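**Q** Using the UniProt record's numbering, read the sequence shown as starting at 1 and increasing by one per residue.
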Amino acid sequence: MLNGFQVWQSCRFSFKRRRMRKRSWHGMTGIKGKKIAGWLNRHTVARSALIGIASVTAFAGVGGASVAAQTGSKGSKVEAVHPASSKAIAVEVNGKAVAWNVQPLIKDDTTFVPLREAGKAAAGNIEWDGKTKTATIKVNGDVIVHQAGTSVVTVDGLAMSMSAPSLNIKGTLMLPLRSVTDALKASLQLSQTKELLTIRIQTDAVTKYGKEDAAIDAYLKGEGFSGMALVAKDGEVLLRKGYGFSGTNKLNHPDAKSRIASLTKSFTAASIMQLVEQGKLSLTDPVSKFVTGIPRGDDITIHMLLSHTSGLPSEFTRSGNVTIEQTIAELRTKQLKYEPGTTYLYSNNGYVLLAYVLEQLSGESYADYVSEHFLTPLGMKNSGTATPATATIQGYILQKNNEWAAAPYYVSQSGTGTLYSTVDDLLKWDQALRAGKVVSKQSLEAMYTPHSDKNYGYGWIAINLNGEKGVFHNGSGSGYATGMLRNLDSGMTVILLGNHAGMDMTKLLQQVHKLAAEQ
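1. Assign R42 to one of two classes, buried (16 or more other C-beta atoms within 10 Å of its C-beta) or exposed (fewer than that).
2. Taking three-plus beta-carbon pairs below 8 Å as touching, is the segment 244–251 in contact with the segment 150–161?
3. Return the first residue and the last residue of the beta strand (DSSP E) that I137 is part of.
4. Starting from W404, follow its DSSP beta bridges and name the residues at the other end.
5. So for I328, helix, strand or coil by DSSP?
6. Tell me which same chain residues have a C-beta within less than 7 Å of the C-beta of A405, skipping the five on either side of it?
7. Given M505, which residues of its chain have a CB within under 6 Å of its CB, disregarding the five upstream and five downstream residues?
8. Using the DSSP secondary-structure output, state which residues sit across from H146 in a beta bridge.
9. In this structure, what does DSSP give as the bridge partners for K233?
10. When we look at the beta-carbon of R332 and count the other beta-carbons within 10 Å, is it buried (16 or more) or exposed?
11. Out of K208, T387, G119, D298, which has the shortest C-alpha to C-alpha gap to E236?
12. For M505, which three-state DSSP category applies?
13. P408 to N349, Cα distance in whole Å?
14. What would DSSP say about S421, mapped onto helix, strand or coil?
15. Along the chain, where does the alpha helix (DSSP H) that runs through H303 open and close?
16. Given L465, which residues of its chain have a CB within under 7 Å of its CB, disregarding the five upstream and five downstream residues?
17. Suppose the cutoff is 6 Å on Cβ atoms and the five residues either side in sequence are ignored; what does the same chain contact list for G341 look like?
18. Measure the C-alpha to C-alpha separation of G415 and A329 and round it to an integer number of angstroms.
19. Would you list the one or two residues that DSSP bridges to L485?
20. Need the endpoints of the beta strand (DSSP E) that R200 sits in, please.
21. Roughly how many angstroms lie between the CA atoms of A183 and M162, to the nearest whole one?
22. Considering only the beta carbon of each residue, do T111 and L196 sit closer than 9 Å?
23. Taking Cβ to Cβ, would you say K437 is nearer than 9 Å to G379?
24. Would you identify the three-state DSSP class for G479, choosing helix, strand or coil?
25. DSSP beta-bridge partners for F245?
26. If I measure Cβ to Cβ from F316 and keep anything under 8 Å in the same chain, skipping five residues before and after, which residues do I get?
27. Quick check on DSSP: helix, strand or coil for T268?
28. By alpha-carbon positions, which one of L105, F225, V231, D425 ends up nearest to L167?
29. L281 and L375 look like a contact to me (Cβ under 8 Å); what is the Cβ gap, rounded to whole Å?
30. Might you give, ordered along the chain, the residues of its own chain that have their beta carbon closer than 7 Å to the beta carbon of G502, omitting 5 neighbours on each side?
31. Verify the contact flag: N349, CB atom, against every heavy atom of the ligand GDP, threshold strictly below 8 Å.
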């Protein structure tokens with residue numbers, strides 16, 4: 001590659017020869033009446049030599065031809081830059097400056113980059129079909145497809161619209177920058193001065209995928225799973241990947257935050273067991289000892305609330321800004337569905353009541369208690385209590401026309417479904433429970449032991465995993481379907497945070513576990 005001085009000398013000689021021929025070039029920059037030699041000397045050559053971003057010929061186009069002479073996919077004239085964007089372009093990938101064979105260009109305020117170069121930067125396998133004029137990039141199990149001249153790129157069959165159609169610059173396929181980075185699940189940062197536009201691309205370093213994960217990956221895609229998936233063995237991540245959309249034209253990244261719905265109940269159960277260990281309450285204490293006015297409060301115990309055998313009805317009024325005190329006031333007016341302690345009935349009300357008891361005994365709000373005793377000490381920095389302002393992935397609900405539509409904000413109540421998290425943070429939760437960092441071994445045994453014919457313990461459901469002991473929990477709520485399965489014998493953990501309502505999470509968890517165990 002030519003160094004800065006060689007580039008300058010080469011261009012100096014070339015421009016001198018052209019001046020001798022009395023030929024004036026116009027149009028490359030949209031600046032009329034000026035010779036290109038003078039413009040390049042002032043704005044490009046010196047900058048290329050000093051910054052090292054590219055040779056002048058690469059900036060102008062392939063083989064040194066002016067970009068004005070090049071054509072788009074439909075033969076239209078392509079202007080690389082306009083007066084507002086007559087600046088050099090520098091590219092950094094993962095913190096290192098790169099000089100691509102074909103440099104990015106700006107047209108109509110849209111920055112275009114060479115698809116092949118970007119795909120190679122992401123360690124993708126790139127294929128070109130000359131008959132259909134279609135480019136395919138395979139990376140981390142994803143299949144990215146784009147047909148030249150169109151304004152659509154698909155990722156695993158999911159269509160993403162681009163801000164502009166792709167361009168064909170002397171045989172090089174150029175796509176809008178943001179569309180390329182979005183499809184590759186890469187992060188993008190742009191910064192500019194009057195003279196220089198710097199493109200900083202951070203390729204996807206979060207996804208963990210290997211050939212051995214192909215069966216799990218294919219299964220989740222085949223089931224239409226949308227969200228984030230993580231599979232780990234003894235705390236070591238085997239698969240970490242995002243599937244589907246998190247919003248309009250936005251793909252799910254594996255480190256995205258999501259509502260976890262009823263996975264919240266495992267935190268509630270652990271909180272109560274901590275109070276038991278501290279002697280602040282007993283599992284046999286009646287709820288009337290802590291909260292007045294609850295129907296049959298003298299007969300309903302803490303154990304019954306934890307195991308969903310209290311007989312309390314399941315649901316409460318869900319609307320924004322309803323306090324836990326208001327929900328408890330509503331609960332006081334409810335009628336029991338069953339005699340306390342006789343029948344399993346999944347009750348969100350029961351876990352709201354547990355959260356209220358926790359607040360009375362600890363002097364902290366449920367959100368503060370969970371944060372202080374679990375999230376902060378365990379380093380779960382991307383977890384907390386959700387609000388409408390929390391940047392979680394969008395939940396979706398299937399409509400009658402078989403189209404997915406954005407779901408309204410998921411309203412829940414303390415103790416039952418208010419938390420958000422990531423798959424990595426939930427793995428920290430899993431590992432902390434296994435290591436005895438949350439509650440004692442005796443408390444864990446009580447949490448994992450079935451207390452009814454439905455195998456529900458305290459915040460966990462017991463499950464037989466081909467002769468091995470396991471626990472799991474699933475959750476659902478306004479656009480979300482979540483699940484976490486933990487093999488207590490083998491150390492295998494499966495975490496699925498989905499943003500399509502109605503997915504059969506129990507089935508997905510068990511099949512992913514089965515495939516992972518077969519690896």
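Ideal placement from N, C-alpha and C gives every residue a C-beta, glycine not left out. As the structure is a computational prediction, the values presented were derived from the model and not from experiment.
**A** This is what the structure gives:
1. Reliability fails at R42, whose pLDDT of 37 lies under 50, so the model's placement of it is uncertain and no value is given.
2. yes
3. 134–139
4. L398
5. helix
6. Y396, I397, Q399
7. N474, A481, G483
8. The secondary-structure analysis by DSSP pairs H146 across a beta bridge with A135, V153.
9. Bridge partners of K233: E236, M492.
10. R332 should be labelled exposed.
11. K208
12. Helix at M505.
13. 22 Å
14. strand
15. 302–307
16. N487, H513
17. Correct list, in chain order: M304, T309.
18. 16 Å
19. F472, V494
20. 196–202
21. 10 Å
22. No, the Cβ-Cβ distance between T111 and L196 is not below 9 Å.
23. no
24. coil
25. BP columns for F245 point to L251.
26. T327, E330, L331, N348, N349, V352, Q413
27. helix
28. The shortest C-alpha to C-alpha distance from L167 to any of L105, F225, V231, D425 is the one to L105.
29. In fact, because the Cβ distance is near 23 Å, the residues do not count as touching under 8 Å.
30. L398, A481
31. The ligand GDP is not part of this structure, which contains no ligands at all.
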